[in-house]
Every structure is written in structure tokens, then in C-alpha cells.
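Worksheet: one structure, shown below.
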Amino acid sequence: MDTTATTPAPAAVPATTVPAPRRVVVIGGGIGGLALAAGLRRRGFDVVVHERDLDPAATGGYHITLDTAAQDALRELLGPVLHEKLLASASAVRRRPGDVWFDWRGRLLGDLRVRGLDPDSVDVDRITLRLVLAEAVGDALVLGSTCTAVEREPGPGGRVRATFADGSTTHGDLLVGADGPNSLVVRHLSGAPASRPAGVTGVSGRTPAAALDPTEVQRLGPRSSLAVGPGGTGLYVGYLDPDGFAVLDAAHARAAVTTGPTYVWGAMFPDATAPRGLREQRGAPLRDTTLDALRAAGWGEVPLQVLARTDVASVAAYRFTVGPEDARSTAPWPAGSITALGDAVHATPPTAGKGAGTAVVDAHRLVEELTAARAGTRTLHTAVSAFETDLRHRGSAVTALSMATVRRLLVGSTPAGSALTRTTLPLLARSTALRQRLTPGRGSR
89 MDTTATTPAP AAVPATTVPA PRRVVVIGGG IGGLALAAGL RRRGFDVVVH
139 ERDLDPAATG GYHITLDTAA QDALRELLGP VLHEKLLASA SAVRRRPGDV
189 WFDWRGRLLG DLRVRGLDPD SVDVDRITLR LVLAEAVGDA LVLGSTCTAV
239 EREPGPGGRV RATFADGSTT HGDLLVGADG PNSLVVRHLS GAPASRPAGV
289 TGVSGRTPAA ALDPTEVQRL GPRSSLAVGP GGTGLYVGYL DPDGFAVLDA
339 AHARAAVTTG PTYVWGAMFP DATAPRGLRE QRGAPLRDTT LDALRAAGWG
389 EVPLQVLART DVASVAAYRF TVGPEDARST APWPAGSITA LGDAVHATPP
439 TAGKGAGTAV VDAHRLVEEL TAARAGTRTL HTAVSAFETD LRHRGSAVTA
489 LSMATVRRLL VGSTPAGSAL TRTTLPLLAR STALRQRLTP GRGSR
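When you line the sequence shown up against our numbering, it's residues 89 to 533, in that order.
As C-alpha cells, then:
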């Protein structure tokens, strides 16, 4: 969210003075904010979401991975009809071959062991998930609404107020920040953003498999891969095919943005050596700058074909951000009538594929706690406190997991690391090729 002003965080309100919430105000209509509002609305809460975007489809068109916990949460948050639409638009990870890794010339190095990978995960277009969630929220979603300040009104049980760029205000009993890294709401609560640069800049895009040479489609295969190069550079290529690898055979419910085999790629550069002005570029110029930088680092043309033939309208650059990696430093504020979730609290680099799923689980946990408060089994204070305790442990664990790949890239950016990459990976590639020749039936793996 855009931010222009903050108000000092209030002291925690005694639990006995805070009743169950009647109205919930959500700042930010990304995945986490919409998931929360969808679940609250389904439970009969009065909820409103304020989002600065004018169109829910105006988001990165890349795929996200939802593990079993996130899928279970969405089943509760969406209800059966919209959950069916989501699964009908997703592809099953277990139906595709295992992930592999390559060197910067496109030579196979071996199987890629992904820490924390749930074999029952599904992949879905980010746009599709956001649109399904927006459908569930309905007219409770206010678009083009940029929050500029939040505060709790004085007095026991004081309500919360949000102010917007057009001068309007709204009130509620609970305010939830789902406004991403550099969150206005989190800066109000803790006096500083919860995230910092992770040290890596990414460039992403989408390339239809039909745009690639048949030999390159065969090399990449219907799987995800990570290629590693000198200078701490890297290239992730994911495979998305909601039709061919459908989770649910329900064509009547399908709403996938991706309608054919597609490679979703992400190039990575250490911030220290990323091309100057990279994040200010768009489209074809950004693609060309990315290609030039990877070629200068020594990358071959084989792995770069997926970039060269990409849909240039899909290409975007961004900086990886990361939240705290320990529970003690996560959400370091007293529980009260203002809280936050998702990347606003525990920004997660895309290297673990768990950021969106974790935000969805955040939303489900908060819905459960607020439902219990409404039933009278706990106060708003104890509900928010329980939610934030769980958030600290889950969020910091995912953040730490996501930084493992980032740190490997950064180690590879040092002179010693880059020299080691250039020396050892070609040897590993030759060893892998020899094993393939000696092992019948391995084919292109």
C-alpha cells in the first residue's frame, strides 16, 4: 500500500474492556486480505477491504504454490462452489516429474531436492486466485482506496479508524493490515517496517511452451528447474498446465488464466551486481536488459531461450524482501484492536514458494479466533493474542526457509563462490551426463 503518515501505536487494551468485533476493516486486497475477508463474510461478519488497485486482475500473472495447509484453509474460507472453481483451475504438483537443476549452459546437474515441499501441493495463477477471492468478498471490496493513516480512538474499547487519500475515513472494532512489505499498519504498530531487502533482485515473465523450440521443451520438460550461474546469478523456470495436469476434472468451473502449457521464469541477480535501473524498466527493454546481463555473466543461449521468447507484456522486475527469521522479532507489538498478517508481517522471498499459502493460513487462523470471540469463548484481546502467537512461529519458519536459496546465491556472488561455480558445476554436469549414458531408460532426465 502507498503510505504517507503514521500514528504512534497505542498501548495494549486490557482484555476485559474489548468485546468481540462487530466490524472488521482490512487494509490491502492482496491474497491474504481477500482470504481473510472471504472467510469473515462467510461467517457472517461485517467486513470491508480497502485496496489501492483499481482492478483485482492487476497483479503479477505468475503461478503460486499452495500446500495442503493452504488448500484446507481455502476450503473453509471460500465454501464448496468457489473452492471447486479454484481446484478446477489449478495443476497438481504430484502429476509432473520431479524438479531438477541445471548449470548456466543448460546442462543437467541432477535432481533438485526442495526443502519443505508438500507433494500434494497445487499450482495456480496468482490472478486466478485473487479473482476467486475477490468474487467471494463481493461488494465488501473497495477498489482505488489508498490508506494514509490508522489509529485507535481513545477510551476503553475505543474503535479503530482508517483515513484514506481522498480524505474519507472508516471505523471498525478491529483493523487488519494486509498491505504487504513496508506496511503502513505495521509501521503504526511497531514504528518501523517488518521487512528489509533480502539482497536479490528478480525479473519474471511467462513463456508459452509453444514459443520454444521442441528441443528446448524436451530439455525443460513438464517440471520446474533451477539453473545456477557465475556471480550469484540464477534462473528459476516453473511449469504450469492447469489443463494437462488438472487437480479437478471440472471444465465447467475452470477459471484459469493459463490455458496451455506455460513456463513461468524468474531470473535472479545479487543487488550489488544487478543492472542499474532494472526495477524501473518494463516489457521488452526489461527483457533485453536481463538477457544482456546474464550473457555478460557467461550464460549460454540454451537456457536463455525461455527469456528471449517470452510474452514481453508479462515481464516485471522486483526486489526480494524478507521479514524476521525468528519468532521473537516477528510481530513485536502487544495484542490489541489493530493487527496484521501475510507479507506485512513476514515478507517471504519467492524462493520457497510459500508466501501466498502462508498468508492464506494466517487469514484462516484469524477467522477461527474471531469466530470464537464472537461466540463468547474469548475476548477480542485474547483472540488476537492467540493469532499473533501462532503467526510469529509459522511466519518466521517460512521466512527462514525461503532465505536458504537466497543465501546460496549470495555466497555464489563472491569471487571465491563464483570461481567455485565455474569449476565444480561443469564437472558435475559431465558426471550426470555419464550416469545417464550408463543408466538405460533415464532419457532426458
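All C-beta atoms in this analysis are idealised placements derived from N, C-alpha and C, irrespective of residue type, glycine included.
- For a cut-off of 8 angstroms, the C-beta gap from Val394 to Leu497 is around 19 angstroms, too long to register as a contact.
- Inside the stretch 104 to 161, DSSP marks whole beta strand (DSSP E) runs of 3 or more residues at positions 111 to 115, 134 to 139, 151 to 154, from first to last along the chain.
- Assignment of Val400 by DSSP, reduced to helix, strand and coil, places it in the helix class.
- Bounds of any alpha helix (DSSP H) do not take in Asp191; it lies within the beta strand (DSSP E) bounded by 188 to 191.
- By the 16-neighbour rule on beta-carbons within 10 angstroms, Ala444 is buried.
- Of the candidates Leu489, Asp160, Thr467, Thr467 places its Cα closest to the Cα of Arg110.
- By the Cβ criterion, the stretch 347 to 357 is not in contact with the stretch 216 to 234, since fewer than three pairs of Cβ atoms, one from each stretch, lie closer than 8 angstroms.
- Secondary structure at Phe333: coil, using DSSP grouped into helix, strand and coil.
- Val494: member of the alpha helix (DSSP H) spanning 468 to 500, first to last residue.
- Remark: fewer than three beta-carbon pairs, one from each stretch, lie closer than 8 angstroms, so the stretch 127 to 144 and the stretch 498 to 506 are not flagged as touching.
- Its chain contains Arg131 as the residues whose beta carbon lies nearer than 8 angstroms to that of Thr459, once the 5 sequence neighbours on both sides are disregarded; these appear in chain order.
- Taking all protein chains shown into account, Thr377 has 16 or more neighbouring C-beta atoms within 10 Å of its C-beta and is therefore buried.
- The stretch 397 to 415 and the stretch 424 to 444 touch, with no fewer than 3 CB-CB distances between them shorter than 8 angstroms.
- Collapsing the DSSP output to three states places Ala362 in coil.
- The beta carbon of Leu122 sits closer than 7 angstroms to the beta carbons of Val137, Arg218, Leu221, Ala222, Val225 from its chain, once the five residues preceding and following it are set aside; these are given in chain order.
- The closest CA to that of Arg367, considering only Pro391, Thr350, Thr346, Val403, is found on Val403.
- Distance check between Arg195 and each of Val113, Gln306, Ala282, Gly232 places Gln306 closest, using alpha-carbon atoms only.
- Between Thr153 and Gly441, the beta carbon gap of about 4 angstroms places them in contact (Cβ cut-off 8 angstroms).
- The shortest C-alpha to C-alpha distance from Gly348 to any of Asp329, Leu382, Val113 is the one to Asp329.
- Counting other Cβ atoms within 10 Å of its Cβ, His481 stays below 16 and is therefore classed as exposed.
- Under the three-state reduction of DSSP, Ser313 is assigned to strand.
- Under the DSSP assignment, Val264 falls in the beta strand (DSSP E) whose first and last residues are 262 to 265.
- For Pro285, the enclosing beta strand (DSSP E) starts and ends at 284 to 296.
- Distance from the CA of Asp359 to the CA of Val494, rounded to the nearest whole angstrom, comes to 11 angstroms.
- According to the DSSP assignment, Ala432 belongs to the alpha helix (DSSP H) that extends over 431 to 434.
- If you draw a 10 Å sphere on the C-beta of Pro207, you find fewer than 16 other C-beta atoms in it, and that means exposed.
- For Asp450, the three-state secondary structure derived from DSSP is helix.
- The criterion of a C-beta distance shorter than 8 angstroms is satisfied by Val274 and Ala432.
- Put simply, the backbone Cα of Arg247 is about 22 angstroms away from that of Arg453.
- Sequence-distant partners of Tyr150 (beyond 5 residues in either direction) whose C-beta falls short of 6 angstroms from its own C-beta, in its chain, are Arg214, Ser292, Val352.
- Of all alpha-carbon atoms in Ala286, Arg201, Leu336, Leu205, the one lying nearest the alpha-carbon of Thr156 is that of Leu205.
- Taking the Cα of Asp331 as reference, the smallest distance to any Cα among Leu162, Asp211, Pro318 is reached at Asp211.
- The residues Glu413, in chain order, have a CB closer than 7 angstroms to that of Ala488 in the same chain once the five nearest residues on each side in sequence are set aside.
- Gly290 and Pro302 have their C-alpha atoms spaced approximately 27 angstroms apart.
- Secondary structure of Val202 (DSSP, three-state): coil.
- Nearest neighbour of Trp192 by Cα position, chosen from Arg364, Gly319, Phe475, turns out to be Gly319.
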